[in-house]
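Working notes for the structure below.
Residue numbers (the working numbering), protein chains in the order written: chain A, 22 to 530; chain G, 186 to 495.
This is the structure we're talking about:
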């Protein structure tokens with residue numbers, strides 16, 4: 022191995038957790054200035070791998086080399102002082118603390134607050150990522166939050182920057198600007214380890230890619246020379262089918278929202294402002310937008326968790342704004358919220374019990390206040406069978422299922438209740454590609470049977486694939502829906518609110 | 186009724202003494218909650234501190250050593266809570282309640298041979314010059330050292346949380362333990378330290394009751410002060426200076442109603458006795474009326490169990 026050239030080499034690293042081998046003899050290497058992709062499905066072991074590099078997890082066997090010398094970070098502090106920085110996908114920001122405090126917490130040796138604020142301003146201007154150091158992180162948009170994470174890393178002058186699914190919360194324009202920043206960094210000699218399952222991004226950004234499947238390296242390629250389909254099939258290990266639908270004629274208007282304004286119940290949430298829309302039977306309406314622009318509030322207003330003023334919500338012409346979730350279920354409006362554990366499903370209850378939670382009304386699972394458990398269990402089994410949920414049986418706790426399997430269960434539970442209107446939020450978030458395809462197919466199938474579907478999602482590819490019309494949420498306002506077939510990426514980006522106030526990095530490489 | 190029998194000077198002077206136990210316990214609990222741990226065992230730690238401080242002070246004849254012992258006693262008892270909740274992941278609410286019951290029983294056991302004995306006297310510090318100021322000198326500057334220590338502690342905690350890196354890390358852990366863990370901070374260790382600080386403060390507060398305020402040992406003598414301290418932390422929106430206001434308000438109304446009772450005011454005793462609780466809650470509710478700001482003050486991870494799963 023050429024030690025002068027290699028920045029980080031991972032050699033035969035293995036990490037096992039009870040019942041699962043997260044990484045099995047994984048090897049790859051990164052050179053300075055290289056943008057290296059780690060590609061794989063959820064559960065392929067990408068996160069465990071980078072956690073080892075960042076000192077959060079220790080490998081069981083194998084070794085890592087940093088510039089040819091053994092590298093065994095025991096803590097993230099050790100990794101940071103070596104020159105490794107990481108932008109997390111979730112949970113590494115503190116909402117009630119301000120930007121400067123958040124940055125300070127991720128630094129080894131932060132300067133006094135006033136100097137730090139000054140440096141944050143300077144770096145953020147240099148890289149075209151404007152940020153006010155005194156603002157509370159809880160008030161920032163998802164894109165701005167990510168800037169906080171990136172600036173936290175940049176202030177430490179990293180040699181290796183790890184980015185874990187950085188684009189899942191950005192508009193297309195913001196993605197372009199992020200890539201510009203990353204390219205500048207790579208020209209300056211910073212190596213970037215880029216984790217994603219979005220193939221087009223990797224093909225446009227990365228110099229090389231290591232593909233993981235079930236903890237093992239299944240290939241190393243130059244992504245620019247492979248097609249997205251080749252990469253996907255290496256990643257999934259099977260041929261993917263694309264969801265398809267029989268075009269159905271649109272029926273009557275099922276749901277109508279007129280100037281719906283709802284205040285968010287979360288102090289950091291986004292209130293809905295004068296949202297109007299209508300959906301017809303047989304139609305899939307896709308609602309895009311960057312996370313935190315009112316998606317959760319819209320779902321709550323539709324499902325009945327938050328009540329609406331008179332006249333704002335009409336189902337099949339009937340006023341339902343004042344009705345709670347169960348009354349709306351009885352009328353045929355079903356919903357599957359984004360958060361699987363704790364919102365869509367009760368984590369510690371069995372699948373049978375979870376089936377009863379939303380299914381009792383439309384499936385007649387209760388009589389005189391007593392639950393008919395055998396009928397409920399049959400219903401749970403029906404969901405498991407119809408949606409290929411991998412679980413030993415309906416008595417298993419919801420928590421024990423993998424994300425994709427639980428999501429199939431949650432969506433299946435609503436689909437099998439024959440809704441007239443189904444509202445889903447992030448139906449395939451964190452779900453592997455083949456399960457995602459199944460879920461999308463199920464949504465298209467109920468639309469073909471004459472139900473209306475509202476799909477709220479941050480995955481634009483998904484929305485383009487299944488929607489008839491597309492609208493975007495931006496700071497609690499909904500754009501007017503437009504036919505999805507004719508939209509360009511630029512138009513979608515503008516509907517989502519564009520790149521806010523970002524600009525392209527202007528560092529001289 | 187004879188209101189003239191109330192000496193306003195003595196009344197005001199006794200406010201600081203009446204408030205100090207709650208103030209000490211509340212500031213300790215506030216730090217503990219800022220780290221994301223809800224310890225409902227304040228009452229148990231206070232009474233344990235009270236008995237440890239009293240026994241050691243009587244045996245050694247030194248109130249100072251008694252206070253040190255009280256802080257240690259409270260901290261050791263809180264460590265039990267810490268191990269149960271942080272390592273064995275037990276439920277914080279249930280464990281805290283159990284800690285209170287345990288502390289009450291344990292203190293009764295330890296204090297059995299000490300009922301009816303008088304504690305050695307703690308000297309007041311007469312701050313030269315300041316204590317000679319008419320009126321104010323008598324009210325503010327002629328107390329024992331613990332009164333001033335408790336106020337210094339409030340200032341210290343405020344500065345620690347606002348200006349130091351360790352304080353920032355403590356707040357971060359209470360805000361999101363997952364994020365703090367991902368950045369490499371030792372969530373469990375930080376929380377244990379905060380729990381022990383809370384225990385030590387509660388112990389000091391208890392010893393203040395048994396060594397200075399009463400000063401005697403009787404079973405259950407803290408009489409709910411720990412619960413008041415818990416309530417004050419919440420209504421003070423987890424802010425040190427508001428904790429001070431809350432504690433002094435409660436102490437003030439307590440002293441006032443006792444004086445009114447003694448003066449024979451024509452209000453039933455029951456109403457007078459409940460007045461400190463009512464007024465404290467009322468004022469603090471008004472102070473924390475702005476819901477979104479109050480929500481900002483609450484540590485987001487308060488009471489949630491942390492486990493470093495991968």
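Backbone N, C-alpha and C fix where the C-beta goes; we use that ideal spot for every residue, glycine too.
The model shown is predicted, which means the values in this text are computed figures rather than measured ones.
Give the range of the alpha helix (DSSP H) segment to which residue i is assigned.
| i | result |
| --- | --- |
| residue 184/A | First-last for residue 184/A: 181-185, but that is the beta strand (DSSP E), not the alpha helix (DSSP H). |
| residue 280/A | No alpha helix (DSSP H) contains residue 280/A, which is instead part of the beta strand (DSSP E) from 274-283. |
| residue 98/A | 97-103 |
| residue 467/A | 454-469 |
| residue 515/A | 510-516 |
| residue 379/A | 372-380 |
| residue 321/G | 321-325 |
| residue 316/G | Counting along the chain, residue 316/G falls outside any alpha helix (DSSP H), and DSSP gives it neither H nor E. |
I need the boundaries of the beta strand (DSSP E) containing residue i, first residue and last residue.
| i | result |
| --- | --- |
| residue 386/G | Residue 386/G -> not in any beta strand (DSSP E); alpha helix (DSSP H) instead, spanning 372-393. |
| residue 308/A | 305-309 |
| residue 234/A | 229-234 |
| residue 297/G | No beta strand (DSSP E) holds residue 297/G; DSSP gives it neither H nor E. |
| residue 300/A | 293-301 |
| residue 366/G | Not the beta strand (DSSP E): residue 366/G falls in the alpha helix (DSSP H), residues 362-367. |
| residue 240/A | 237-242 |
In three-state terms, what does DSSP make of residue i?
| i | result |
| --- | --- |
| residue 450/G | coil |
| residue 306/G | coil |
| residue 265/A | coil |
| residue 24/A | With a pLDDT of 45 at residue 24/A, under the threshold of 50, the modelled position of this residue cannot be trusted, and the question is left open. |
| residue 438/A | coil |
| residue 244/G | helix |
| residue 491/A | strand |
| residue 524/A | Unreliable placement is indicated for residue 524/A, whose pLDDT of 47 sits below 50; no coordinate value is reported for it. |
| residue 410/A | coil |
| residue 88/A | coil |
| residue 222/G | coil |
| residue 421/G | coil |
| residue 77/A | coil |
| residue 475/A | strand |
| residue 41/A | strand |
| residue 350/G | helix |
| residue 59/A | strand |
| residue 449/A | coil |
| residue 211/A | coil |
| residue 430/G | helix |
| residue 406/G | coil |
| residue 532/A | The structure shown has nothing for residue 532/A, since chain A only spans 22 to 530. |
Less than 8 Å between the beta carbons of residue i and residue j, yes or no?
| i | j | result |
| --- | --- | --- |
| residue 266/G | residue 251/G | no |
| residue 168/G | residue 242/G | Outside the modelled stretch of chain G, which goes from 186 to 495, sits residue 168/G, for which no answer is possible. |
| residue 9/A | residue 445/A | This structure cannot settle anything about residue 9/A, because the visible part of chain A is limited to 22 through 530. |
| residue 485/G | residue 486/A | no |
| residue 216/A | residue 316/A | no |
| residue 105/A | residue 171/A | no |
| residue 224/A | residue 253/A | no |
| residue 66/A | residue 233/A | yes |
| residue 328/A | residue 342/A | yes |
| residue 333/A | residue 279/A | yes |
| residue 213/G | residue 233/G | no |
| residue 97/A | residue 359/G | no |
| residue 461/A | residue 435/A | no |
| residue 373/A | residue 415/A | yes |
| residue 306/A | residue 502/A | yes |
| residue 210/G | residue 390/G | yes |
| residue 453/A | residue 472/A | no |
inquiry  = Using a Cβ-Cβ cutoff of 9 Å, what residues of the stretch 111-134 of chain A are near chain G? List them in chain order.
reply    = Interface annotation for the stretch 111-134 of chain A against chain G: 111, 112, 113, 114, 115, 116, 117, 118, 122, 123, 125, 126, 127, 131 and 134, criterion Cβ-Cβ distance under 9 Å.
key: Under 9 Å (Cβ pairs) to chain G, residues found in the stretch 370-381 of chain A   = none
inquiry  = Give the list of continuous beta strand (DSSP E) stretches no shorter than 3 residues that lie fully inside the stretch 322-368 of chain A.
reply    = 334-336 and 354-357
inquiry  = Short of 9 Å Cβ to Cβ, which residues in the stretch 76-108 of chain A face chain G?
reply    = 76, 77, 78, 96, 97, 98, 99, 100, 101 and 107
query = For the stretch 358-388 of chain G, which residues have a beta carbon sitting closer than 7 Å to at least one beta carbon of chain A?
reply = 360, 361, 363, 364, 367, 368 and 369
ask   = In the stretch 109-197 of chain A, which residue ranges form an unbroken beta strand (DSSP E) of at least 3 residues, counting only runs that do not cross its ends?
value = 181-185
message = What are the residues in the stretch 329-354 of chain G lying within 8 Å of chain A by C-beta distance?
response = 350, 353 and 354
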